[in-house]
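These notes concern the structure reproduced below.
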Amino acid sequence: MILVDGLPLVRPYLAVWERERDARVRRQLQRERRRAAVLATLGQDYLPAEVAA
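Going by this note's numbering, the sequence shown opens with residue 462, and the numbers climb by one from there.
Have a look at this one:
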(Lines of atoms letter the chains of each structure in order from A and count residues from 1; the text may use other names and numbers.)
(Lines give C-alpha, C1' and ligand atoms only; values in the text may rest on other atoms or scores of the structure.)
Protein backbone atom coordinates (compact mmCIF):
# COMPACT_ATOMS: atom_id res chain seq x y z
CA MET A 1 0.00 0.00 0.00
CA ILE A 2 1.35 3.40 -0.94
CA LEU A 3 0.58 6.31 1.37
CA VAL A 4 0.04 9.78 -0.08
CA ASP A 5 -0.49 12.61 2.38
CA GLY A 6 -1.10 10.00 5.07
CA LEU A 7 -3.89 8.30 3.11
CA PRO A 8 -3.66 4.98 1.25
CA LEU A 9 -3.45 5.37 -2.52
CA VAL A 10 -5.32 2.10 -3.07
CA ARG A 11 -8.57 2.07 -1.15
CA PRO A 12 -9.37 -1.14 0.74
CA TYR A 13 -12.72 -1.49 -1.06
CA LEU A 14 -10.89 -1.53 -4.39
CA ALA A 15 -8.69 -4.40 -3.22
CA VAL A 16 -11.79 -6.32 -2.05
CA TRP A 17 -13.56 -5.66 -5.36
CA GLU A 18 -10.54 -6.94 -7.33
CA ARG A 19 -10.39 -10.09 -5.18
CA GLU A 20 -14.10 -10.76 -5.73
CA ARG A 21 -13.78 -10.12 -9.47
CA ASP A 22 -10.86 -12.54 -9.71
CA ALA A 23 -12.86 -15.18 -7.82
CA ARG A 24 -15.81 -14.73 -10.23
CA VAL A 25 -13.52 -15.10 -13.24
CA ARG A 26 -11.94 -18.23 -11.74
CA ARG A 27 -15.38 -19.78 -11.14
CA GLN A 28 -16.49 -18.93 -14.68
CA LEU A 29 -13.37 -20.49 -16.20
CA GLN A 30 -13.81 -23.58 -14.03
CA ARG A 31 -17.43 -23.96 -15.23
CA GLU A 32 -16.28 -23.64 -18.85
CA ARG A 33 -13.56 -26.28 -18.34
CA ARG A 34 -16.09 -28.66 -16.80
CA ARG A 35 -18.57 -28.04 -19.61
CA ALA A 36 -15.86 -28.68 -22.21
CA ALA A 37 -14.83 -31.91 -20.43
CA VAL A 38 -18.42 -33.20 -20.34
CA LEU A 39 -19.00 -32.37 -23.99
CA ALA A 40 -15.69 -34.00 -24.93
CA THR A 41 -16.83 -37.25 -23.34
CA LEU A 42 -19.92 -37.04 -25.57
CA GLY A 43 -17.72 -36.43 -28.62
CA GLN A 44 -18.75 -32.80 -29.06
CA ASP A 45 -16.59 -29.72 -29.37
CA TYR A 46 -17.15 -26.77 -27.04
CA LEU A 47 -16.78 -23.18 -28.19
CA PRO A 48 -17.28 -20.46 -25.57
CA ALA A 49 -19.88 -17.84 -26.51
CA GLU A 50 -17.17 -15.18 -26.98
CA VAL A 51 -15.40 -17.30 -29.62
CA ALA A 52 -18.56 -18.44 -31.41
CA ALA A 53 -19.85 -14.89 -31.95
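The beta-carbon is built from N, C-alpha and C at its ideal position, and this holds for glycine as well.
Please report the straight-line C-alpha distance between residue 501 and residue 477, rounded to a whole angstrom.
Numbered from 1 along the sequence shown, position 40 holds the residue referred to as residue 501. Numbered from 1 along the sequence shown, position 16 holds the residue referred to as residue 477. Whole-angstrom Cα-Cα distance: 36 Å.
Please classify residue 503: does DSSP put it in a helix, a strand, or coil?
Sequence index remark: in the sequence shown, residue 503 carries index 42 (1-based). Residue 503 falls in the coil class under three-state DSSP.
With DSSP run on the structure shown, which of helix, strand or coil describes residue 508?
Walking along the sequence shown from the start, residue 508 turns up at place 47. Here residue 508 sits in coil by DSSP.
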